[in-house]
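All remarks here apply to the structure that follows.
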Amino acid sequence: DAKTTQPNSMESNEEEPVHLPCNHSTISGTDYIHWYRQLPSQGPEYVIHGLTSNVNNRMASLAIAEDRKSSTLILHRATLRDAAVYYCILSIRDDKIIFGKGTRLHILP
Amino acid sequence: NAGVTQTPKFRILKIGQSMTLQCAQDMNHNYMYWYRQDPGMGLKLIYYSVGAGITDKGEVPNGYNVSRSTTEDFPLRLELAAPSQTSVYFCASSPTGMNTEAFFGQGTRLTVV
């Protein structure tokens, strides 16, 4: 199974953009890149996903490298409510959604 | 606007007891998943289902059983509870799996003593 590598933790100041990196050097051509986040004491929630092109939605943007071996989740203006664990996940051909360890994002007021 | 509903929210079991964690979704999703999350760790996939009558093992299936007799429900059965099964359990559903958004329940916190 293709794996992802993320930093264990990151810090950012409130109201500034945040760039969360993810490496996935063994990604296959049909793997989608998904991002989920988990707020304290809650279940994970979907953030964004994409295949090859950059994607934008109301929560975030996803920038995918041309060779697809890495991607970056961009939160345009972090708030204290964005403090969470962010998971970068590759969807696998047999439909399993496998989570890695994620990046714990701390937002400084 | 229920989404994915898990019951109970909390449960304490004694070693060797059995229980069923309930999961129901009202979005007519074909795919459903069970995960466990140990303290300070990421989620581990236990079992998943791609439709009624079809289930398959995930990363950590030992000690658990599932069934999927309807689209809406995906119960997780613990037959002989062990302390190692102390965890928070999350159920999730998605329309078609790979390329769509998955929706998670709020979790069941299980303690085995």
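Read top to bottom, the protein sequences are chains A and B.
Okay, so the first sequence: first residue is 1 according to our numbering, each after it adds one.
Okay, so the second sequence: first residue is 110 according to our numbering, each after it adds one.
Backbone N, C-alpha and C define an ideal beta-carbon position, used for all residues, glycine too.
B/Ser193: buried (16+ other C-beta within 10 angstroms of its C-beta) or exposed? Exposed is the call here.
Rounded straight-line distance, which links the Cα of B/Gln126 to that of A/Leu62: So the alpha carbons of these two residues sit roughly 45 Å apart.
Quick one: does A/Lys96 have its CB under 8 Å from some CB of chain B? Interface residue, yes.
Identify the contact partners of B/Gly214 in chain A, using a Cβ-Cβ distance below 9 Å as the criterion. Simply Gly43.
On the three-state DSSP scale, how would you describe B/Pro148? Coil, per DSSP.
Quick check on A/Pro44: buried or exposed, where buried means 16 or more other Cβ atoms within 10 Å of its Cβ? Classified as buried, A/Pro44 has 16 or more neighbouring CB atoms from the shown chains inside 10 Å of its CB.
Amino acids of chain A, ordered along the chain, whose beta-carbon sits closer than 9 Å to that of B/Phe199: Result: Gly43, Pro44.
Which residues share a DSSP beta bridge with A/Gly50? Bridge partners of A/Gly50: A/Ile33.
Please report the straight-line C-alpha distance between B/Tyr215 and B/Pro117, rounded to a whole angstrom. Reading off the sequence, residue 215 of chain B comes out as Gln, not Tyr. The straight-line gap from Cα to Cα measures roughly 10 Å.
Could you compute how far the alpha carbon of B/Ala133 sits from the alpha carbon of B/Glu210? Cα to Cα, the separation comes out at about 17 Å.
Residue from A/Val47, A/Gln6, A/Ala65 whose Cα sits closest to the Cα of A/Ser53: Of the candidates A/Val47, A/Gln6, A/Ala65, A/Ala65 places its Cα closest to the Cα of A/Ser53.
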